[in-house]
Amino acid sequence: MPLRAVSIISHLNNVSRGEPPVLPTEHGHAMDIVDLHLYDETAIQQAAELLVLGFREHWPDSWTTLESALDEVRGLLTADYICRIALDDAGNVVGWIGGLPSYDGNVWELHPLVVHPDYQRQGIGRALVLDLEARVRERGGLTLHLGSDDVDGSTSLSDVDLYTELWEKIRTIRNLKGHPYEFYQKLGYTIIGVMPDANGRGKPDIYMAKRIG
Ligand SMILES: CC(C)(COP(=O)(O)OP(=O)(O)OC[C@H]1O[C@@H](n2cnc3c(N)ncnc32)[C@H](O)[C@@H]1OP(=O)(O)O)[C@@H](O)C(=O)NCCC(=O)NCCS
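Per my numbering, residue 344 is the first one in the sequence shown, and the count goes up by one each step.
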């Protein structure tokens with residue numbers, strides 16, 4: 344099917360669901376991004392499977408079982424939180440993102456974000472983050488933040504003393520194994536700090552944020 348036809352059909356599907364327009368990715372594919380609903384058991388299962396699959400390589404301790412991933416997905420399906428899924432043309436979940444409010448709704452946490460490995464580097468992650476920013480902005484949020492762990496020496500912030508010259512180390516951070524901090528930087532996020540030893544000695548959590556409102 345020509346891309347334009349896909350785009351129009353996806354757009355109409357979204358409009359009929361009361362959703363905002365389809366976001367085209369950089370590669371020209373139409374991409375439906377919609378709410379994940381409590382009753383959509385198929386999409387919940389697919390989202391949970393994606394968590395296990397997407398975090399296995401660099402964060403092997405994150406979601407080791409489907410049950411723990413299902414708990415994470417279901418935990419986001421409350422009225423206060425945001426949970427958005429990206430669907431391919433067949434309606435399968437190829438990525439998803441969550442948002443949780445804090446500080447009276449001024450600040451929201453982006454957690455989690457995952458794109459199916461076969462669909463990465465096609466603009467889906469960017470589309471999901473931009474969509475979440477728009478949803479948070481609608482709710483009056485000013486800041487979107489996230490923590491991105493480095494548990495396997497993926498950045499130059501691992502295995503160093505972060506209590507000396509921290510800001511110089513942040514300023515000169517290097518990406519050693521495709522850590523996603525660089526993905527977020529491309530979307531306008533700034534490193535606002537680190538939590539030393541968050542995941543064991545020399546394995547920090549990298550904090551990032553962006554003004555969105
Ligand atoms: C990180 C992740 C969500 C990115 O999604 P994606 O769909 O592949 O990203 P996009 O295609 O939208 O990329 C947008 C830009 O970021 C770049 N980018 C994506 N992942 C990157 C990475 N790991 N390191 C450096 N740059 C990256 C892309 O090349 C693209 O750059 P460009 O604008 O110059 O072309 C995806 O790789 C993923 O799910 N990884 C596993 C789970 C994970 O890391 N989640 C985030 C934890 S905090």
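Positions of the beta carbon are idealized from the N, C-alpha and C atoms, including for glycine.
| Query | Result |
| --- | --- |
| Neighbourhood of W451 by C-beta distance below 6 Å, restricted to the same chain and skipping five residues each side | G442, P444, V479, G484, L487 |
| Three-way DSSP call (helix, strand, coil) for T515 in this model | coil |
| Three-state secondary structure assigned by DSSP to M344 | Residue confidence is low: M344 scores 25 on pLDDT, short of 50, so the model does not pin down where it sits. Its coordinate-derived value is still stated next. Correct three-state label for M344: coil. |
| Residue-chain proximity (F526, chain C), Cβ-Cβ < 8 Å | Looking at the structure shown, chain C is missing, and only one protein chain is on hand. |
| Cα-Cα separation between S359 and P547, rounded to whole angstroms | The predicted position of S359 is uncertain, since its pLDDT is 36 and thus under 50; no value can be drawn from it. |
| Distance cut-off 7 Å: V458 Cβ against heavy atoms of ligand 3 | As for ligand 3, it is missing from this structure, which binds only ligand 1. |
| Spatially closest choice to A541 from E410, R427, D502, by CA coordinates | D502 |
| Residue(s) in a DSSP beta bridge with R554 | T486 |
| Meets three-Cβ-pair contact criterion under 8 Å: the region 468 to 477 and the region 491 to 508 | no |
| Touch test, the region 392 to 404 against the region 454 to 461, Cβ-Cβ under 8 Å, three pairs minimum | yes |
| Integer Cβ distance of V494 from W402, believed to fall under 8 Å | 6 Å |
| Any non-hydrogen atom of ligand 1 within 7 Å of L430 CB | no |
| Cut-off 8 Å between Cβ atoms - residues of its own chain near L505, not counting five sequence neighbours on either side | K512, V537, P539, P547 |
| Short Cβ contact (8 Å threshold) for I425 with W439 | no |
| L489: CB within 7 Å of a non-hydrogen atom of ligand 1 | yes |
| Three-way DSSP call (helix, strand, coil) for A422 in this model | coil |
| Burial state of S491 (16 or more Cβ within 10 Å) | buried |
| Three-state class that DSSP yields for W439 in the structure shown | strand |
| CB contact flag (V436, A470, <8 Å) | no |
| Where T385 falls: helix, strand or coil (DSSP) | helix |
| Chain-order list of residues whose beta-carbon lies under 7 Å from that of I467 (same chain, five-residue window excluded) | T368, M374, A429, V437, G438, V458 |
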